[in-house]
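Numbering (the working numbering), first residue to last: 1 to 130.
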């Protein structure tokens with residue numbers, strides 16, 4: 001279970017920097033809270049976060065490297081993953097900036113309407129470090 005949940009969290013991070021949403025948005029809780037690193041905004045609600053992920057920015061080419069993850073909490077019905085990585089932002093004028101970032105994502109196991117269990121994400125927090 002640990003590897004699957006870490007992969008889900010990392011897929012979300014990589015997807016965010018590709019300006020996509022893919023399958024991870026299905027795991028967003030309806031009341032998700034997203035803390036944005038680039039404009040220090042707090043975005044609430046699944047519809048607003050999906051809109052921000054798909055429409056926010058798209059002006060820069062972004063890439064990440066030196067990604068390391070760690071489960072900081074693992075319970076039967078909840079998990080938190082933290083990641084450290086370098087973010088590279090490539091500007092149209094040829095300038096490139098590197099940011100050291102931290103990423104925290106929480107997942108909670110909830111019972112769906114059909115009675116099965118599924119993982120839902122109530123929190124994503126990305127912050128610039130130093």
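Ideal placement from N, C-alpha and C gives every residue a C-beta, glycine not left out.
| query | result |
| --- | --- |
| Presumed contact (8 Å Cβ cut-off) between residue 170 and residue 80, rounded CB distance | Given a span of 1 to 130 for the chain in the structure shown, any question on residue 170 remains unanswerable. |
| Own chain, CB closer than 6 Å to residue 9, minus 5 neighbours either side, in chain order | 81, 105 |
| At least 3 beta-carbon pairs within less than 8 Å: the region 88 to 95 vs the region 107 to 125 | no |
| CA-to-CA distance, residue 127 to residue 15, given in whole angstroms | 17 Å |
| Extent of the continuous beta strand (DSSP E) to which residue 108 belongs | 96 to 111 |
| Segment limits, beta strand (DSSP E) that includes residue 89 | 78 to 90 |
| Close-in-space but distant-in-sequence residues of the same chain around residue 42 (CB under 7 Å, 5 per side omitted) | 33, 35 |
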